[in-house]
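What follows is a short report on a single structure.
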Amino acid sequence: MSKRVIILNFQVESQAYQAFSEIKKLHAVRSIKGEQMAVVSHDPNGTHQFKIEDFIDFTGNNKSSTGGLIGMLVGVLGGPLGILLGWFAGGMIGATQDAKEIKDAQTVFDFVGNKIGEGATGLILIADEEDNRP
73 MSKRVIILNF QVESQAYQAF SEIKKLHAVR SIKGEQMAVV SHDPNGTHQF
123 KIEDFIDFTG NNKSSTGGLI GMLVGVLGGP LGILLGWFAG GMIGATQDAK
173 EIKDAQTVFD FVGNKIGEGA TGLILIADEE DNRP
């Protein structure tokens, strides 16, 4: 299985949102295996700025809360103060991992965003592709 970046361009913004909604439905019924998806608009005034209009992370990995819960459970061994310190430390470690994941996704979207023309709205999807060759 390999990861693919799929870019869809639309001249009408509403079509990008419709595609965003349809792909979310396909992911919900497991017809596709997406990781992240964003609706991106390219500013038409020549400044080459992109705006992420909508974004979804299908992986649902929220390491901040997981790290916080693990830290809190470990802290139970150290009493009430241990619970608070463990919860805080675990939350900080998890938040660092979440920030790295978001930064990596943002870098990919910035690179691929250059494929969307000025004034256009596009949809960027990072998905898994199954290799079904014999």
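Each number in the numbering used here comes from the position in the sequence shown (counting from 1) with 72 added on. Every residue gets a Cβ at the ideal spot worked out from N, C-alpha and C, and that includes glycine.
- Message: Closest to Val111 by C-alpha separation, out of Thr131, Leu197 and Glu202, would be which residue?
- Response: Leu197
- Task: Report the rounded CA-to-CA distance for Gly191 versus Glu85, giving the unit in angstroms.
- Result: 10 Å
- CB Gln108 to CB Asp129, shorter than 8 Å? yes
- Which whole runs of the alpha helix (DSSP H) in the stretch 83-139 are 4 residues long or more, in chain order? 85-100
- Task: State the CB to CB distance for the pair Thr193 and Phe122, rounded to an integer number of angstroms; the pair is presumed to be in contact (CB under 8 Å).
- Result: Contact doesn't hold; Cβ gap of about 10 Å is too wide.
- Is Lys75 helix, strand or coil when you go by DSSP? strand
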